[in-house]
Each structure stands twice: as structure tokens, then as C-alpha cells.
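In what follows, a single structure is set out as C-alpha cells and then discussed.
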Amino acid sequence: MDKSRFLYEGKAKKMYLTDDPETLLLEYKNDLTAFNALKKDSLEGKGTYTNRISAHLLRYLSEKGIPNHFIELLDDRHQLVRRVTILPLEVVVRNVTTGSLCKRLGIAEGMTLPRPLIEFYLKDDALGDPLVTEDHALLFGWASEEDLRKIKETATRVNELLKALFESRGILLVDFKLEFGKTADGTLILADEISPDTCRFWDRASGDRLDKDRFRKDLGNVLEAYETIWNRLSGEGRA
Ligand code: TMP
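Take 30 as the starting number for the sequence shown in our numbering and just add one per residue.
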């Protein structure tokens, strides 16, 4: 594997150029961060789970007609993806109230929402990824009306598909974050990762948290939670 052409390092992944200008090599890191990287750790094996889980879910979404950047899983830590220019928006979909929604608005935890809530956050670490409105995105040029329409439609469909998939494995999809990007020809597609680093998963039977909240809240057994998600998805240890 040729990793000589390093492009970018984020909190959870590294990116490399390949011989094909439209294809990037993604390396999933073992690093875990929370609260805008104020809290950091590294967990041997974490990158393997996020790489596999994200590949599995993105492949599943491709099969269900959701275009995304995933091309091929290479090994435990690497996958090939299409090169896109990421829009500076984090798109959060919520089915159940928790996390920053409850903190910001004083809403009770654990309420099932009557329909999914879609929120936009500006991708800007220096500002702490603030919540923004669609009008902000339009006026400041972070996305067009057509982009926002397509993003909301795709996010809603991804939620329906993943909620049903996880439900069949005994897991409640509480909320998750998506990112979108544009290919060289300007087509908007789903990008980045979908894993326990970027979603909240609650075990249906026990209520156990099976995601990065175990790290954020010092609940312990972080790797075991990621392993549980992988085993349920890949067919081992199904509920
Ligand atoms: P929040 O409740 O902290 O806003 O998180 C909502 C969802 O977005 C949750 O599934 C975790 C995910 N998320 C990320 O993937 N990256 C982030 O930087 C943050 C803050 C949340």
C-alpha cells in the first residue's frame, strides 16, 4: 500500500492521494477525541472497528441507492474512497433526545421525537462547530438551496434505512452525524464515516450505550461496545 502521498490528518482519520486523482486512501486511526479534542485517548483496535463498520454501512447504503464516497475496503485499517470537497456542514439527525440538544435547550433526555430532527452545525473547530440555520448556510455560501434539499432528503432516507437495519440487530439508532461532499463534476454525495464515533447506539434490551458516549462519559468498555456493534452488523452475536 502506497502511503507516500500524505494529504491530510483529521482527529480520527488520515488521508493519502493515490495514482487516481479521483480516489483517496483513508486510514482509520485508533485515536479517540471528544469535546473538540479537549479529551483524547488512543485505543488499540478502535480503528479496525470504525473502518469495518463504516465500510459495511456505506456499502449497505450504496446498495439501497444512496450514492456515497465508499469504493473498497482494503484491510483492517484502510479503505478507498472517492475524492470530494467536503461541505463545511455537519448534518445531525436525531430520533431520541440526548446530548447537546438536551444541554442547549433544557429538554429531557430519552424522549422519542415524533419525527426525525435534522440540525446543521458549521464545521469549524476554532468556533466549536456552532449550530447554524439553513439561512446561515445559504447566505454565507456553505450550501445552495438545491444542496440543502438534497442533504435533507438523503439524511432522512439514511435515517430510515439505518434505523431499520439496527432495529433488526436489537439496537436503537438514537442520533448520528453525516457529512456531504462534491465530486470533481459537482455532484453532491454522502461522504466521511458512519460508525460508533459518529452515531449514538443504545442496546434495545439493556439500554447500554454502544458508542463513543462510553468514552465521552468515562463509562468504560469502549472497545467492547464497538466490537458489539461490529458483531451484530456482521452477523455474529445477533440479538
Ligand atoms: P451531539 O448531541 O453532541 O450534538 O451529537 C449528535 C450526534 O453527532 C451524535 O451521534 C454524535 C455525533 N457527533 C459527531 O459525529 N461529531 C461531533 O463532533 C459531535 C459534536 C457529534
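Just so you know, even glycine gets a beta-carbon here, dropped at the ideal spot from N, CA and C.
Helix, strand or coil for residue i? Go by DSSP, reduced to three states.
| i | result |
| --- | --- |
| K58 | coil |
| T227 | coil |
| T127 | coil |
| R261 | helix |
| V122 | strand |
| D240 | coil |
| L134 | helix |
| V113 | coil |
| L248 | coil |
Output yes if chain B places a C-beta closer than 9 Å to the C-beta of residue i; else output no.
| i | result |
| --- | --- |
| C131 | Absent from the structure: chain B. Only one protein chain is present. |
Confirm, please, whether the CB-CB distance from residue j to residue i is below 9 Å.
| i | j | result |
| --- | --- | --- |
| K241 | A63 | yes |
| L54 | H107 | yes |
| L103 | L109 | yes |
| G210 | V113 | yes |
| L160 | E148 | yes |
| L252 | Y78 | yes |
| L167 | L177 | yes |
| L217 | L86 | no |
| A254 | R245 | no |
| L61 | D226 | yes |
| N124 | K181 | no |
| D31 | D48 | yes |
| C228 | L202 | yes |
Applying the criterion that 16 or more other CB atoms from any shown protein chain within 10 Å of the CB defines a buried residue, is residue i buried or exposed?
| i | result |
| --- | --- |
| S235 | exposed |
| D214 | exposed |
| D204 | buried |
| N250 | exposed |
| D141 | Note that residue 141 is Thr in the sequence shown, not Asp. That one is exposed. |
| I223 | buried |
| K68 | exposed |
| S83 | buried |
| E38 | exposed |
| A41 | buried |
| A137 | exposed |
| T127 | buried |
| E174 | exposed |
Near residue i, which residues of its chain fall below 7 Å by C-beta distance, leaving aside the five closest residues on each side in sequence?
| i | result |
| --- | --- |
| G157 | N65 |
| I100 | T52, L109, V110 and R111 |
| K93 | L190 |
Residue i: beta carbon under 8 Å from a heavy atom of ligand 2?
| i | result |
| --- | --- |
| G139 | Within the structure as shown, ligand 2 is missing, the only ligands being ligand 1. |
Once the 5 residues before and after residue i are set aside, which same chain residues still bring their CB inside 6 Å of it?
| i | result |
| --- | --- |
| F35 | Y45 |
| D221 | E208 |
| D105 | T77 |
| L194 | none |
By Cβ distance below 8 Å, which residues in the same chain neighbour residue i in space, the five residues on each side in sequence not counted?
| i | result |
| --- | --- |
| I200 | F230, W231, D232, R233, L239, I258, R261 and A268 |
| N59 | S71, L72, E73, G74, K75 and G76 |
| I95 | T183, R186, V187, L190 and L219 |
| S263 | R81 and H85 |
| D237 | W231 and A254 |
| D154 | N65 and A66 |
Beta strand (DSSP E) segments (min. 3 residues) lying fully within the stretch 47-96: Whole beta strand (DSSP E) segments, 3+ residues: 52-57, 60-63 and 68-71.
Beta strand (DSSP E) segments (min. 3 residues) lying fully within the stretch 138-222: Counting only runs of 3+ residues, the beta strand (DSSP E) found wholly inside the stretch 138-222 occupies 141-151, 200-211 and 217-220, in chain order.
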